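First residue of the sequence shown? That's 85 in my numbering, and the numbers climb one at a time after it.
Data block below; observations after.
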Amino acid sequence: MFSTVLIANRGEIALRVMRTCRALGIKTVAVYSDADAEAAHTKAADVAVRLGPAAAAESYLRIDKVIQAAKDTGAEAIHPGYGFLSENAEFAQACEDAGIVFLGPTAEAIRTMGDKITAKQAVASRNVPLVPGVAEAGLTDEQLIERADEVGFPILIKPSAGGGGKGMHAVHDPKDLKDSLAAARREAASSFGDDTLFIERLVATPRHIEVQILADEHGNVIHLGERECSLQRRHQKVIEEAPSALLDEETRAAIGQAACDTARSVGYRGAGTVEFIVSADKPDEFFFMEMNTRLQVEHPVTEEVTGVDLVEWMLRIGNGEELSLKQEDITLTGHSIEARLYAEDPSRGFLPTGGTALDVQFPEGEGIRIDAGLEAGQRIVSDYDPMIAKVIVTADDRETALSRLDSALARSAVPGITTNIDFVRRLVRRDDVVEGKLDTGLIDRMTEDELAHAAGDIDKLFAAAFVVSTRGAAGTQKLGGTSAGERTEAPSAWARPSGWRSSRQPAVSVKLAHGGEVETVVWRGEELTPVTTEAGDTVYKLTIDGVRHTAMLWADPDTRMIWVASERGVYSFARPVAESELDPGAAGADICAPMPGSLTQLLVEDGAEVAEGDPIAVVEAMKMEHVLRAPAAGTAHVKATVGAQVALDEVLVTIVDEEAEED
Numbered sequence: 085m086f087s088t089v090l091i092a093n094r095g096e097i098a099l100r101v102m103r104t105c106r107a108l109g110i111k112t113v114a115v116y117s118d119a120d121a122e123a124a125h126t127k128a129a130d131v132a133v134r135l136g137p138a139a140a141a142e143s144y145l146r147i148d149k150v151i152q153a154a155k156d157t158g159a160e161a162i163h164p165g166y167g168f169l170s171e172n173a174e175f176a177q178a179c180e181d182a183g184i185v186f187l188g189p190t191a192e193a194i195r196t197m198g199d200k201i202t203a204k205q206a207v208a209s210r211n212v213p214l215v216p217g218v219a220e221a222g223l224t225d226e227q228l229i230e231r232a233d234e235v236g237f238p239i240l241i242k243p244s245a246g247g248g249g250k251g252m253h254a255v256h257d258p259k260d261l262k263d264s265l266a267a268a269r270r271e272a273a274s275s276f277g278d279d280t281l282f283i284e285r286l287v288a289t290p291r292h293i294e295v296q297i298l299a300d301e302h303g304n305v306i307h308l309g310e311r312e313c314s315l316q317r318r319h320q321k322v323i324e325e326a327p328s329a330l331l332d333e334e335t336r337a338a339i340g341q342a343a344c345d346t347a348r349s350v351g352y353r354g355a356g357t358v359e360f361i362v363s364a365d366k367p368d369e370f371f372f373m374e375m376n377t378r379l380q381v382e383h384p385v386t387e388e389v390t391g392v393d394l395v396e397w398m399l400r401i402g403n404g405e406e407l408s409l410k411q412e413d414i415t416l417t418g419h420s421i422e423a424r425l426y427a428e429d430p431s432r433g434f435l436p437t438g439g440t441a442l443d444v445q446f447p448e449g450e451g452i453r454i455d456a457g458l459e460a461g462q463r464i465v466s467d468y469d470p471m472i473a474k475v476i477v478t479a480d481d482r483e484t485a486l487s488r489l490d491s492a493l494a495r496s497a498v499p500g501i502t503t504n505i506d507f508v509r510r511l512v513r514r515d516d517v518v519e520g521k522l523d524t525g526l527i528d529r530m531t532e533d534e535l536a537h538a539a540g541d542i543d544k545l546f547a548a549a550f551v552v553s554t555r556g557a558a559g560t561q562k563l564g565g566t567s568a569g570e571r572t573e574a575p576s577a578w579a580r581p582s583g584w585r586s587s588r589q590p591a592v593s594v595k596l597a598h599g600g601e602v603e604t605v606v607w608r609g610e611e612l613t614p615v616t617t618e619a620g621d622t623v624y625k626l627t628i629d630g631v632r633h634t635a636m637l638w639a640d641p642d643t644r645m646i647w648v649a650s651e652r653g654v655y656s657f658a659r660p661v662a663e664s665e666l667d668p669g670a671a672g673a674d675i676c677a678p679m680p681g682s683l684t685q686l687l688v689e690d691g692a693e694v695a696e697g698d699p700i701a702v703v704e705a706m707k708m709e710h711v712l713r714a715p716a717a718g719t720a721h722v723k724a725t726v727g728a729q730v731a732l733d734e735v736l737v738t739i740v741d742e743e744a745e746e747d
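Right, dumping it as structure tokens:
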């Protein structure tokens with residue numbers, strides 16, 4: 085076995101690979117950017133090598149620097165994790181040229197499966213079912229339009245390169261095909277540097293089913309069952325589970341065989357995933373979509389139901405070992421579900437957020453596995469993917485697993501960062517999800533009310549009580565001793581400016597902002613008591629009309645934010661400063677950053693006249709680009725500069741109607 089392995093990734097997947105390496109007695113090498121100098125994966129490795137600045141293009145994506153780091157540390161193999169260079173054929177080839185084992189398939193296999201057209205051609209030779217379509221390189225828009233009738237509407241336009249749903253367009257009416265092709269080609273060229281398109285029939289009520297495979301260099305290939313990945317937003321997975329509630333045993337065997345044939349079509353080596361699309365109305369029919377030539381984010385659910393350590397087998401296969409596992413050795417026991425936790429705000433269109441983790445709270449217990457790469461005090465930056473952790477639960481059956489997941493999420497909190505934790509809790513409690521009636525468009529059909537995250541009265545009272553009880557005190561309120569500041573004792577009732585009178589209960593008004601709205605919460609002197617639990621965590625008991633309520637409280641003195649975690653979820657409240665109580669649009673219509681990131685373009689000059697809807701600026705963060713448009717007509721007053729790092733809701737441009745202002 086290898087003595088030293090370099091992990092060319094960051095966060096939770098880097099820590100996950102390190103865990104198996106340690107179990108096998110392998111020394112680990114981490115690589116990091118300046119943004120990750122104090123990150124958990126950097127500190128956990130035996131050796132850590134700096135790659136460069138925070139931007140991935142100057143650090144984690146620099147093939148030459150990663151190869152040099154491996155040479156300098158004596159690493160015999162590189163595990164690429166997922167994302168970054170994991171499906172980069174040039175990187176795999178560079179490893180081979182340097183005499184370093186790439187823990188994945190050959191460069192040729194990556195190249196073939198990385199292009200959706202050549203991938204379809206490869207699997208067709210093995211009679212793997214394909215969605216009816218036209219997948220040939222070099223076809224113009226006119227040629228695709230001419231052949232659309234043989235595919236049949238509705239049609240799905242897909243770029244040959246890339247992934248993540250970029251450039252994909254559903255076309256239901258033939259008259260819309262021309263414009264949709266032009267838009268898809270522009271997006272593909274911009275995102276992937278390749279505008280090659282193909283078209284295929286749009287499958288009704290599609291479900292996303294994928295199959296995990298393992299293959300060695302001796303020609304052995306097995307599958308480890310399927311995963312259901314239909315709960316997605318913007319073509320990005322949110323919930324994954326194994327096995328799927330849709331498939332029967334006959335279909336499970338057939339789709340597993342198709343996955344193995346797909347791997348054989350390119351002489352695959354290592355761990356990989358073959359993705360299929362299945363109609364919810366015809367679950368016995370499945371069609372090949374693509375092959376991911378790497379370890380998947382959702383690999384833990386397969387590990388939990390099979391008992392197979394996939395990372396260990398990647399290492400063993402990379403070391404030239406033959407698969408000792410046979411297909412008949414693989415059995416699926418119980419049911420496992422994974423929830424991806426993102427630094428994002430579902431109520432704002434799932435836009436990425438940011439901030440510093442005041443604390444990191446995840447549960448332990450039977451059937452609970454946490455894969456996370458975040459520590460208290462760590463800052464979430466806009467240069468990388470917004471996923472911060474995965475909560476994986478396993479139980480005897482799907483119903484119990486869903487209940488266990490909800491319970492685990494209820495005990496999870498990352499104050500300081502807005503996350504999707506509470507959204508996922510609402511999602512797994514939906515009737516259609518509980519009943520297994522899933523499809524890839526389910527989340528996209530959810531209403532604004534279903535995505536909203538409104539705080540309850542109890543949570544507002546906790547926040548208000550916290551303000552009153554700590555008024556005049558300095559420091560950061562902490563949970564379990566993890567925050568940088570020390571918890572301060574509340575001033576006595578006599579010294580506190582609370583409005584207390586001997587003849588009646590106090591009535592103090594506290595202004596709190598939540599969800600963009602500022603409201604006054606009246607605090608009437610109910611008891612707020614800190615209690616230390618057996619685990620050493622600090623929780624707070626609030627007595628209201630004789631009823632005790634429990635919550636965790638944190639405060640960030642830098643942002644004036646208060647975070648409350650109760651049985652209802654995790655909520656943040658702002659302490660508005662005096663001037664923030666003014667109407668923010670009083671001096672004009674502000675264009676604010678919808679997420680923390682980089683201002684990459686200003687499309688107008690200061691003083692320019694703009695019309696409502698004109699594109700004004702572009703903010704880029706966490707693999708997303710967001711075009712900001714003028715909310716009204718008027719004169720643009722630029723407040724920021726191109727290249728600047730901007731905070732959430734930072735004012736970038738103000739549009740002022742000069743004539744109306746004079747009036």
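Where a beta carbon is used, it is the ideal one built from N, C-alpha and C, also for glycine.
All values reported here derive from a predicted model rather than from experimental measurement.
Residue i versus residue j: straight-line alpha-carbon distance, rounded
i: residue 549; j: residue 441; result: 23 Å
i: residue 115; j: residue 354; result: 23 Å
i: residue 419; j: residue 608; result: 48 Å
i: residue 335; j: residue 312; result: 14 Å
i: residue 321; j: residue 425; result: 11 Å
i: residue 58; j: residue 391; result: Outside the shown range of the chain (85 to 747) lies residue 58, about which nothing can therefore be said.
i: residue 537; j: residue 496; result: 16 Å
i: residue 204; j: residue 214; result: 7 Å
i: residue 416; j: residue 485; result: 15 Å
i: residue 740; j: residue 491; result: 49 Å
i: residue 648; j: residue 594; result: 16 Å
i: residue 96; j: residue 471; result: 9 Å
i: residue 149; j: residue 143; result: 8 Å
i: residue 493; j: residue 650; result: 12 Å
i: residue 227; j: residue 734; result: 46 Å
i: residue 300; j: residue 191; result: 15 Å
i: residue 516; j: residue 489; result: 16 Å
i: residue 238; j: residue 331; result: 25 Å
i: residue 352; j: residue 189; result: 6 Å
Other residues of its chain near residue i: CB distance less than 7 Å, five sequence neighbours each side excluded
i: residue 454; result: 446, 473, 475
i: residue 231; result: 218
i: residue 111; result: 87, 88, 130
i: residue 276; result: 243, 245, 246
i: residue 120; result: 94, 126
i: residue 578; result: Here the model assigns residue 578 a pLDDT of 37, short of 50, so the residue's position is not dependable, and the following value carries that caveat. Excluding sequence neighbours, residue 578 sits near nothing in its chain.
i: residue 147; result: 169, 174, 175, 178
Three-way DSSP call (helix, strand, coil) for residue i in this model
i: residue 674; result: strand
i: residue 509; result: helix
i: residue 89; result: strand
i: residue 534; result: helix
i: residue 516; result: helix
i: residue 129; result: coil
i: residue 98; result: helix
i: residue 155; result: helix
i: residue 186; result: strand
Minimum C-alpha distance to residue i - residue among the options
i: residue 395; options: 296, 263, 282; result: 296
i: residue 122; options: 413, 214, 463, 167; result: 463
i: residue 104; options: 117, 85, 465; result: 85
i: residue 279; options: 286, 285, 271; result: 271
i: residue 684; options: 244, 710, 487, 164; result: 710
i: residue 402; options: 180, 468, 317; result: 180
i: residue 759; options: 183, 234, 208, 92; result: With the chain covering only 85 through 747, there is no way to say anything about residue 759.
i: residue 184; options: 323, 164, 622, 481; result: 164
i: residue 675; options: 720, 546, 627, 291; result: 720
Own chain partners of residue i with C-beta closer than 6 Å, once the 5 adjacent residues on each side are dropped
i: residue 383; result: 394
i: residue 195; result: 173
i: residue 210; result: 345, 349
Chain-order list of residues whose beta-carbon lies under 8 Å from that of residue i (same chain, five-residue window excluded)
i: residue 327; result: 309, 310, 311, 312, 336, 389, 416, 419
i: residue 748; result: With the chain running from 85 to 747 in the structure shown, residue 748 is simply not present.
i: residue 262; result: 225, 229
Counting beta carbon pairs with one atom in the region 333 to 347 and one in the region 302 to 318, are three or more of them shorter than 8 Å? yes
Determine contact between the region 158 to 177 and the region 503 to 516, defined as no fewer than three beta-carbon pairs at a distance below 8 Å. no
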